[in-house]
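Visitor: Each residue of the sequence shown is one higher than the one before, counting from 177 in our numbering. Pasting a structure below so you can have a look.
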Amino acid sequence: MSMILLIEQVLNGLQFGVMLFLMAAGLTLIFGVMGLINLAHGSLYMVGAFAAAAVAGWTGSFALALVAALAAAAAAGALIELLVIRRLYDRDHLDQVLATFALILIFSEGTRWLFGSFPLFLDVPAALAGPIMLPGGILYPLYRLVIIGVGLLVAAGVFWLIAKTRIGIQIRAGEADREMIAALGIDISRLYTMVFALGAALAGLAGALVGAIQSVQVGMGEPVLILAFVVIVIGGIGSIKGALVGSILVGLTDTLGGVLLPPLFGTFMQASSATSVGSAVASMSIYILMVGVLLFKPSGLFGGK
């Protein structure tokens, strides 16, 4: 493999990783603060993608599409927290799984009823279309670089929110001892709704950004949700830093594994079987990474004890 191709795949992995961070950050906030397993988080990713595609089709504005994705996902998140999730905090995890799985079905059928079964397409804005020349003569799509930049800026914003603001202090306190902050007069219900809406907005933003490089269709959030769960297990449940590091590790492992492993197996296997075996191992690489991390750090890289 040439160095140029390797650098391109590293950038692809980084872009995939920051997109996973937008999903995993909200998921780990919701689980860390509320102790809730939310299987419907992938549906909020889908809501953002469909909202962006619909608004872009109506207005022709990609900026308005991003605003619509954030607003629609945050509103949907706040609504399901108020109507459904709020009744699940004191229930066991099996009830949470069943209820949020039912939400997946409701969102999927509702989206199919509104938009139909055929995929929608969100065009990359003209200003961001085409490649850009990087040092070393590397041509790389400008839009993918923008996704990387936006993801890192959002990560910095989330870190600042959690570490430096009053609401961040409340979120961290709620994660540590929710009964105590309720006793201090903080409206824990409002805090939960805000955290859920924030996590939903991040998922919706991820869906909108990725919707411009793949089709927008019903069920698109569930495969990403599985990877987001892998990310928070690797990084540590409740840790934003762990979500970022885990996302980048998963993104790079998934992307580079698919490129490097088939040729590697081809060096000591027959050509007819090398590709299939290498591809199979590549598809398992992120789960092998997860097992390897948990063997040495059962709580994840940055998880609490």
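No residue lacks a Cβ here, since even glycine has one placed at the ideal position from N, Cα and C. The structure presented is a predicted model; accordingly, all values stated were derived computationally and were not measured.
For the candidate residues 384, 463, 204, 389, whose alpha-carbon lies nearest to that of residue 486?
Guide: An answer regarding residue 486 cannot be provided, because it is not within the stretch 177 to 481 covered by the chain.
Visitor: What separation, rounded to the nearest whole angstrom, lies between the Cα atoms of residue 261 and residue 407?
Guide: Residue mapping note: residue 261 aligns to position 85 of the sequence shown, counting from 1. Residue mapping note: residue 407 aligns to position 231 of the sequence shown, counting from 1. Roughly 23 Å between the two C-alpha positions.
Visitor: According to DSSP, is residue 307 helix, strand or coil?
Guide: For this step, residue 307 is matched to residue 131 along the sequence shown. If DSSP states are grouped into helix, strand and coil, residue 307 belongs with the strands.
Visitor: Kindly confirm or deny that the segment 203-210 and the segment 388-399 touch, where touching means at least three C-beta pairs closer than 8 Å.
Guide: These segments do not touch.
Visitor: Excluding sequence positions up to five away, which residues of its chain have a Cβ less than 7 Å from the Cβ of residue 326?
Guide: Indexing the sequence shown from 1 puts residue 326 at position 150. Only 385 meet the Cβ criterion.
Visitor: Under three-state DSSP, which class holds residue 296?
Guide: Counting from one through the sequence shown, the residue named residue 296 turns up at place 120. The answer is strand: DSSP assigns residue 296 an E or B state.
Visitor: To the nearest angstrom, report how far apart residue 314 and residue 189 are at their CA atoms.
Guide: To locate residue 314, count along the sequence shown from 1; it is residue 138. To locate residue 189, count along the sequence shown from 1; it is residue 13. The straight-line gap from Cα to Cα measures roughly 16 Å.
Visitor: Any chance the segment 355-366 sits against the segment 233-244, with 3 or more Cβ pairs inside 8 Å?
Guide: They do not touch, by the three-pair rule.
Visitor: Starting from residue 317, trace the alpha helix (DSSP H) in both directions and tell me its first and last residue.
Guide: Here residue 317 is taken as the residue at index 141 of the sequence shown, counted from 1. Taken as a continuous stretch (DSSP letters only), residue 317 belongs to no alpha helix (DSSP H), being part of the beta strand (DSSP E) at 314-317.
Visitor: Can you tell me where the alpha helix (DSSP H) holding residue 271 begins and where it ends?
Guide: The sequence position of residue 271 within the sequence shown is 95, counting from 1. Looking at the DSSP string, the run of the alpha helix (DSSP H) that includes residue 271 is 269-291.
Visitor: List in chain order: all unbroken alpha helix (DSSP H) runs of 4+ residues lying wholly within the segment 348-399.
Guide: Taking only runs of at least 4 residues, the alpha helix (DSSP H) segments lying wholly in the segment 348-399 are 354-359, 364-387.
Visitor: Tell whether a beta-carbon distance below 7 Å holds between residue 461 and residue 200.
Guide: As a first step, residue 461 must be located in the sequence shown, where it is residue number 285. As a first step, residue 200 must be located in the sequence shown, where it is residue number 24. No, they are not a contact pair.
Visitor: I'd like to know whether the C-beta atoms of residue 202 and residue 378 end up nearer to each other than 7 Å.
Guide: Your numbering for residue 202 matches position 26 in the sequence shown. Your numbering for residue 378 matches position 202 in the sequence shown. Contact: yes.
Visitor: Please confirm whether residue 319 and residue 187 have their CB atoms less than 7 Å apart.
Guide: Counting from 1 along the sequence shown, the entry for residue 319 is found at position 143. Counting from 1 along the sequence shown, the entry for residue 187 is found at position 11. Going by C-beta atoms, residue 319 is not nearer than 7 Å to residue 187.
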